Amino acid sequence: MRTEKDKYIPALSYDWLTAFYDPVVRWTTREKTFKHRLLQQANIQPAHRVLDLGCGTATLTIAIKQAVPKATVEGLDGDAKILAIARDKARQAGVEIHFDEGLSYQLPYTDTVFDRVVSSLFFHHLTTENKLQTLREVRRVLKAGGELHIADWGKPHSSIMRAASFPVRLLDGATTADSFDGLLPRYLQEAGFVDVRTGEHYATMFGTLWLYQAQQPE
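Residues in the sequence shown are numbered from 1 upward in steps of one, following our numbering.
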């Protein structure tokens, strides 16, 4: 049973805003640029099984399948309404992707089944406790040497970006605090990942967006 602290938060915090998610992300976050770079960073191969964690409307999920058609690509999200949009977008794009409804800190997968886990603009929705539990779950489902690649809000790299991040802090609430404090790399290390790296960052209308990567130990 979900407790109040585990209550699911929709992509833009309020269910009625779900229909606006795609255009908001596209217009405000330099989506095409940072997701293209995230895919380059992940270096997905045709034989890989890939999970898009917190896949939302599947923009990234579809892009992965289109870029590497022979890879097995799956998406997971906790929002049934947004998954319906994702499935429809995948059908329209003509790509075969399996979607699951589930929570990131209780992944419905067996151990060591994925070569890559990717995630975009998702982790800041989680409480600190659930961020850490999610990272432990990602480690559980990754194969030895598998990799996690994340794009999300992080420490503002200027005073302008600090001010720009205020709407996200206001809309998404307390769960964003540790993200904007730049603590995600520390959490990756605490969860047992190795070769933790902070990559490129992007100035957006809502603050600094960072790329991160980490590896499951061999």
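All C-beta atoms in this analysis are idealised placements derived from N, C-alpha and C, irrespective of residue type, glycine included. Predicted, not measured: the structure shown is a model, and the values here were computed from it.
Between residue i and residue j, what straight-line distance do the alpha-carbon atoms span, to the nearest angstrom?
i, j, result
"Ala151", "Tyr105", "18 Å"
"Tyr109", "Val141", "7 Å"
"Leu209", "Lys81", "26 Å"
"Leu132", "Leu184", "9 Å"
"Asp100", "Ala84", "11 Å"
"Val68", "Ala177", "35 Å"
"Lys89", "Ile44", "22 Å"
"Thr175", "Glu129", "10 Å"
"His124", "Ala47", "30 Å"
"Tyr8", "Asp172", "Below a pLDDT of 50, predicted positions are generally treated as unreliable, and Tyr8, at 47, falls in that range; the measurement from the model is reported next regardless. Rounded to whole angstroms, Tyr8 to Asp172 spans 12 Å at the Cα level."
"Gly220", "Ala203", "With the chain covering 1 to 218 only, the question about residue 220 has no answer from this structure."
"Leu135", "Leu76", "15 Å"
"Pro217", "Phe180", "27 Å"
"Leu170", "Lys155", "16 Å"
"Ala93", "Ile64", "12 Å"
"Ala86", "Val118", "16 Å"
Alpha carbons only, please: which of the options is nearest the one belonging to residue i?
i, options, result
"Leu126", "Leu103, Gly146, Glu147", "Leu103"
"Ile62", "Asp79, Lys32, Gly78", "Lys32"
"Glu137", "Glu190, Arg91, Phe180, Gly154", "Glu190"
"Val95", "Ala144, Lys70, Ser179", "Lys70"
"Arg91", "Ala203, Asp79, Ala58", "Ala58"
"Arg30", "Gln216, Arg162, Trp153", "Trp153"
"Asp111", "Gly56, Asp181, Val118, Gly146", "Gly146"
"Gly78", "Leu170, Leu107, Ser159", "Leu107"
"Arg139", "Gly56, Arg116, Arg186, Leu170", "Arg116"
"Val219", "Met161, Arg87, Ala144", "In this structure the chain extends from 1 to 218, so residue 219 is not present and cannot be described."
Tell me, please, which residues DSSP counts as bridged to residue i.
i, result
"Gly207", "Thr204"
"His98", "Glu74"
"Leu142", "Phe114"
"Arg49", "Thr72"
"Ser119", "Ile150"
"Ala214", "Leu148"
"Arg186", "Its beta-bridge partners do not exist; DSSP assigns none."
"Arg197", "Gln213"
Sorted by chain position, which residues of the same chain lie with C-beta nearer than 8 Å to residue i's C-beta, five sequence neighbours on each side aside?
i, result
"Leu211", "Phe34, Arg37, Leu38, Gln41, His149, Ile150, Ala151, Thr198, Gly199, Glu200, His201"
"Pro167", "Phe206"
Which residues in the same chain as residue i place their Cβ atom closer than 6 Å to its Cβ, once the five residues preceding and following it in sequence are excluded?
i, result
"Thr72", "Arg49"
"Ala214", "Leu148, Leu188, Phe193, Val196"
"Glu74", "Leu51, His98"
"Phe122", "Gly54"
"Ser120", "Leu60, Ala151"
"Gln66", "none"
Following a CB-centred definition, is residue i positioned closer than 7 Å to any heavy atom of the ligand MG?
i, result
"Arg186", "Inclusion of the ligand MG in the displayed structure is not the case, the ligand content being empty and no account of it being possible."
What does a CB cutoff of less than 7 Å around residue i pick up in its chain, not counting 5 residues either side in sequence?
i, result
"Arg162", "Pro156"
"Ser159", "none"
Hey, does residue i have any beta-carbon neighbour from chain C nearer than 8 Å?
i, result
"Leu132", "Considering every chain present, this structure includes no chain C. It has just one protein chain."
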